[in-house]
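**Q** There's a structure below that I have some questions on.
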Amino acid sequence: MPTPLRKQVRLAFAVMTSLVLASASISPAQAQTPIRLIVPTQAGSQADAVARAMSQSLSKNLGHSVVVENLPGAGGVPGTQQLVRAPKDGTTLGLISSNHVINPFIYKNMPYDALKDITPITVIGTLPLVLVVNPSVRANNTKELVALLKSKPGEFNYGSSGNGTVLHLAGQLFASEAKVEVSHVPYKGAGNYTTDLVGGQVQLGFLTLQTVLPLVKAGKLKAIAVSTTQRVPGLPDVPTLAESGLPQYNFDAWLAIVGPAGMQAQNVAQLQSKIKATLQDKDVQEQLAQQGVIVSTAAPESAGAFMKTELDKHARIVKQAGATLN
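Read in order, the letters of the sequence shown are residues -31 to -1, 1 to 295 in mature numbering (1 follows the signal peptide of the UniProt record, and there is no 0).
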């Protein structure tokens, strides 16, 4: 007959065995491992700033540390490629931008499918763009600017942060809707482009609200109109292009959190709930507002439908622009 000591040993062994088996069935997402949040742009970019603004609160809500990992280059393709190849357990997520649905049309050899190879979790928010001009340009509103551009076809330049970028396509859509001839000057990044726009080397273009506000307040640029269908905080007196004679114009940048394809629906729903709670954090909201982000908390199904619509829209604009990179 087993002694009390043997019973205790057997019980302890049984408990340990159960714990081992239970831990083996727990996915890495449930274990206490850091969550990688891949940002396929350089440190200091808009997407990076948003990721870092969210990371601390998101870590608290998820119960796991969130490590922001910048993997820049080629419009975000290499970084996103690592994301789509990652485990499907929620330990690797990505914070992508509008470039995700632009890249398929400007890169001839994409290593992944922009829709099929990801799991949409939520759209974080949108980033209104502002049409601005150098102070030397004799136009103070859209009507005057369009008239000026039509009077001197091809003599004015608009800049962007590079071929096929959001700022390029926003300018292309403006030229198409306004029926004006204006030359595109691509730069390697928004920094150099902004410097030359302020310096007058290029006369007009689109910039994010975050970039525009201090420059407009300092008198270094003039804000003509915003790209969205509604006016934006920070520039309440600046009309939209839609209300300024271009009724079909509607364009903004956006940011979303996604995972690799094949994630479990329950895991996705939990992540979306935790991200939504993060976006409702007052400190996070203040930081995102300072960056010009209009917060959204779209459900996974809505996020997927939104990305499909955006993919179709950008296909048309890229075709108009004739943008290609390889």
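Each residue gets a CB set at the ideal place from its N, CA and C atoms; glycine is no exception.
Predicted, not measured: the structure shown is a model, and the values here were computed from it.
For S105, count neighbouring Cβ atoms within 10 angstroms of its own Cβ and tell me buried if that reaches 16, exposed if not.
**A** Position 136 of the sequence shown, counted from the first residue, corresponds to residue 105. Burial call: exposed.
**Q** Return the chain-ordered list of same chain residues with a C-beta closer than 7 Å to the C-beta of D221, the five sequence neighbours on each side being excluded.
**A** Taking the sequence shown and counting its residues from 1, one reaches residue 221 at position 252. T95, L96, P97, L98, S196 and T197, listed in sequence order.
**Q** If you draw a straight line from the alpha carbon of I65 to that of L224, how long is it in whole angstroms?
**A** Counted from its first residue, the sequence shown places residue 65 at position 96. Counted from its first residue, the sequence shown places residue 224 at position 255. Near 6 Å, if we compare the C-alpha coordinates of L224 and I65.
**Q** Got a sec: does the ligand FMN put a non-hydrogen atom nearer than 7 Å to the Cβ of V106?
**A** The ligand FMN is absent from the structure shown, which contains no ligands of any kind.
**Q** With C-beta atoms as the reference, is I244 less than 8 Å away from T49?
**A** Position 275 of the sequence shown, counted from the start, is the residue given in the question as residue 244. Position 80 of the sequence shown, counted from the start, is the residue given in the question as residue 49. Not closer than 8 Å, so no.
**Q** Along the beta strand (DSSP E) that carries P191, what are the first and last residues, could you check?
**A** Taking the first residue of the sequence shown as 1, we reach residue 191 at position 222. With the sequence shown as reference, residue 191 is identified as Lys, and Pro is not the correct amino acid for it. Counting along the chain, the beta strand (DSSP E) containing K191 begins and ends at K191 to V195.
**Q** From L118 to K191, what does the alpha carbon distance come to, in whole angstroms?
**A** Taking the sequence shown and counting its residues from 1, the one referred to as residue 118 is at position 149. Taking the sequence shown and counting its residues from 1, the one referred to as residue 191 is at position 222. Cα to Cα, L118 sits roughly 16 Å from K191.
**Q** How would you call D82, buried or exposed, if buried means at least 16 neighbouring beta carbons within 10 angstroms?
**A** On the sequence shown, position 113 is the one that residue 82 refers to. The residue in question, D82, is exposed, as its Cβ has fewer than 16 Cβ neighbours within 10 Å.
**Q** Helix, strand or coil: how does DSSP classify D58 here?
**A** Position 89 of the sequence shown, counted from the start, is the residue given in the question as residue 58. Three-state result, D58: coil.
**Q** Of the choices T134, Q241 and S26, whose alpha-carbon is the least far from that of T266?
**A** What you label residue 266 is simply residue 297 of the sequence shown in a count that begins at 1. Residue Q241 is the option with its Cα nearest to T266.
**Q** Assign A274 to buried or exposed, taking buried as 16 or more other Cβ atoms, counted over all protein chains shown, within 10 Å of its Cβ.
**A** In the sequence shown, residue 274 corresponds to position 305, counting from 1. Per the 10 Å Cβ criterion, exposed.
**Q** Considering only residues of the same chain and omitting the five flanking positions on each side of A20, which have a CB-CB separation below 7 Å?
**A** Taking the sequence shown and counting its residues from 1, the one referred to as residue 20 is at position 51. The residues are L6, V8, V37 and L64.
**Q** Please list, in chain order, all residues of the same chain as P229 whose beta carbon is under 8 Å from its beta carbon, the five residues on each side excluded.
**A** Counting from 1 along the sequence shown, the entry for residue 229 is found at position 260. Answer for P229: L52, V53, R54, A55, P56, K57, T61, D86, I87 and T88, listed in chain order.
**Q** Using the Cα positions of G158 and L84, report the straight-line distance between them to the nearest angstrom.
**A** Stepping through the sequence shown from its first residue, residue 158 is reached at position 189. Stepping through the sequence shown from its first residue, residue 84 is reached at position 115. Spanning the two alpha carbons is a distance of roughly 26 Å.
**Q** Buried or exposed: which applies to E39, given that a residue is buried once 16 or more other Cβ atoms fall within 10 Å of its Cβ?
**A** Here residue 39 refers to the residue found at position 70 of the sequence shown. The sequence as given places Asn at residue 39; Glu does not occur at that position. Buried, since its Cβ has 16 or more Cβ neighbours within 10 Å.
**Q** Please classify G261 as buried or exposed, where buried requires at least 16 other C-beta atoms within 10 Å of its C-beta.
**A** For the purposes of this step, residue 261 is taken as the residue at position 292 of the sequence shown. Buried, since its Cβ has 16 or more Cβ neighbours within 10 Å.
**Q** Quick one: is Q15 buried, meaning 16 or more other Cβ sit within 10 Å of its Cβ, or exposed?
**A** For the purposes of this step, residue 15 is taken as the residue at position 46 of the sequence shown. Buried: at least 16 other Cβ atoms inside 10 Å.
**Q** With respect to the beta strand (DSSP E) encompassing P73, which residues constitute its N-terminal and C-terminal limits?
**A** The residue given as residue 73 occupies position 104 in the sequence shown. Looking at the DSSP string, P73 is not in any beta strand (DSSP E); the run it does join, the alpha helix (DSSP H), is N68 to I75.
**Q** Do T10 and P47 have their CB atoms nearer than 8 Å?
**A** Position 41 of the sequence shown holds residue 10. Position 78 of the sequence shown holds residue 47. Their beta carbons are not under 8 Å apart, which means T10 does not touch P47 by this criterion.
**Q** Quick check on the DSSP output: what are the complete beta strand (DSSP E) runs of length 3 or more inside the region 89 to 155, in order along the chain?
**A** 126 to 129 and 152 to 155
**Q** Do the CB positions of G123 and E150 come within less than 8 Å of each other?
**A** The sequence position of residue 123 within the sequence shown is 154, counting from 1. The sequence position of residue 150 within the sequence shown is 181, counting from 1. Result yes, Cβ atoms of G123 and E150 sit closer than 8 Å.
**Q** In the DSSP assignment, what residue or residues form a beta bridge with E38?
**A** The residue given as residue 38 occupies position 69 in the sequence shown. BP columns for E38 point to I7.
**Q** Return the first residue and the last residue of the alpha helix (DSSP H) that T278 is part of.
**A** Position 309 of the sequence shown, counting from 1, holds the residue named residue 278. Taken as a continuous stretch (DSSP letters only), the alpha helix (DSSP H) holding T278 covers P269 to A290.
**Q** Within its chain, find whatever has a CB closer than 6 Å to the CB of L31; leave out the 5 residues flanking it on each side and keep chain order.
**A** Within the sequence shown, residue 31 is the residue found at index 62, counting from 1. Excluding sequence neighbours, L31 sits near K243.
**Q** Hey, which unbroken runs of the beta strand (DSSP E) at 3 residues or more fall wholly within the region 152 to 221?
**A** Inside the region 152 to 221, DSSP marks whole beta strand (DSSP E) runs of 3 or more residues at positions 152 to 155, 173 to 177 and 191 to 195, from first to last along the chain.
**Q** Using alpha carbons as the reference points, say which of K277, L204, E270 and T134 lies closest to G44.
**A** Numbered from 1 along the sequence shown, position 75 holds the residue referred to as residue 44. The option with the nearest alpha carbon to G44 is T134.
**Q** Please return the same chain residues whose Cβ sits closer than 8 Å to the Cβ of V101, not counting the five positions on each side in sequence.
**A** Here residue 101 refers to the residue found at position 132 when the sequence shown is read from its first residue. So the list reads L166, L173, G174, F175, L176, V181, L184, V185, L190, K191, A192 and I193, once near-sequence residues are dropped.
**Q** So G59 and N219 are in contact, right, with Cβ under 8 Å, and what is the actual spacing, rounded?
**A** Within the sequence shown, numbered from 1, the residue matching residue 59 stands at position 90. Within the sequence shown, numbered from 1, the residue matching residue 219 stands at position 250. Contact doesn't hold; Cβ gap of about 34 Å is too wide.
**Q** Pull up the CB-CB distance for V253 and A22, whole angstroms please, since I reckon it's below 8 Å.
**A** Position 284 of the sequence shown, counted from the start, is the residue given in the question as residue 253. Position 53 of the sequence shown, counted from the start, is the residue given in the question as residue 22. V253 to A22, Cβ: 6 Å. Contact.
**Q** For residue 308, which of helix, strand or coil comes out of DSSP?
**A** Only positions -31 to 295 of the chain appear in this structure, which leaves residue 308 out of reach.
**Q** Check the C-beta distance from A290 over to L138 and give it rounded, since I have them as a contact under 8 Å.
**A** As a working mapping, residue 290 is identified with position 321 in the sequence shown. As a working mapping, residue 138 is identified with position 169 in the sequence shown. Right, the Cβ-Cβ distance comes to about 6 Å (below 8 Å), so this counts as a contact.
**Q** Grab me the residues of P3's own chain with a C-beta within less than 6 Å of its C-beta, minus the 5 sequence neighbours each way, in chain order.
**A** Here residue 3 refers to the residue found at position 34 when the sequence shown is read from its first residue. Excluding positions up to five away in sequence, the list reads S34 and V36.
**Q** Comparing C-alpha positions only, which one of A246, P269 and A234 sits nearest to K29?
**A** Indexing the sequence shown from 1 puts residue 29 at position 60. Checking every option, the nearest Cα to that of K29 belongs to A246.
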